[in-house]
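Below is one structure, written out as structure tokens; the observations come after it.
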Ligand code: SF4
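Spelled out as structure tokens, the structure:
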């Protein structure tokens with residue numbers, strides 16, 4: 027399993043961090059990044075709430 031954030035699509039809204047702060051953080055560039063690859067159920071919630079459809083899990 028690998029979690030990806032497409033920075034081109036990321037709006038920097040922080041919704042993924044609110045949903046799953048264990049896995050996502052806002053980087054220095056104001057866009058989201060994956061801080062740790064962990065298969066938590068909240069990752070799916072972050073995918074669902076992302077308005078930019080920027081998070082992919084493979
Ligand atoms: S929810 Fe989506 S658009 Fe918002 S910061 Fe996270 S990855 Fe970016």
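Residue numbers (the working numbering): 27 to 84. Where a beta carbon is used, it is the ideal one built from N, C-alpha and C, also for glycine. This one's a predicted model, so the numbers in the text were calculated from it and none came from an experiment.
Which listed residue (the options) has its alpha carbon closest to that of residue i
i: residue 15; options: 61, 45, 56; result: The question about residue 15 has no answer, for the chain in this structure spans 27 to 84.
i: residue 51; options: 67, 31, 35; result: 31
i: residue 80; options: 28, 37, 27; result: 37
i: residue 64; options: 53, 54, 84, 39; result: 84
i: residue 43; options: 28, 66, 72, 54; result: 72
Supposed contact pair residue j and residue i - C-beta distance, whole angstroms, cut 8 Å
i: residue 46; j: residue 77; result: Residue 46 to residue 77, Cβ: 15 Å. No contact.
i: residue 35; j: residue 49; result: The Cβ separation is near 17 Å, so there is no contact.
Mind pulling the alpha helix (DSSP H) runs of 4 or more residues that sit fully within the segment 51-76? 67-75
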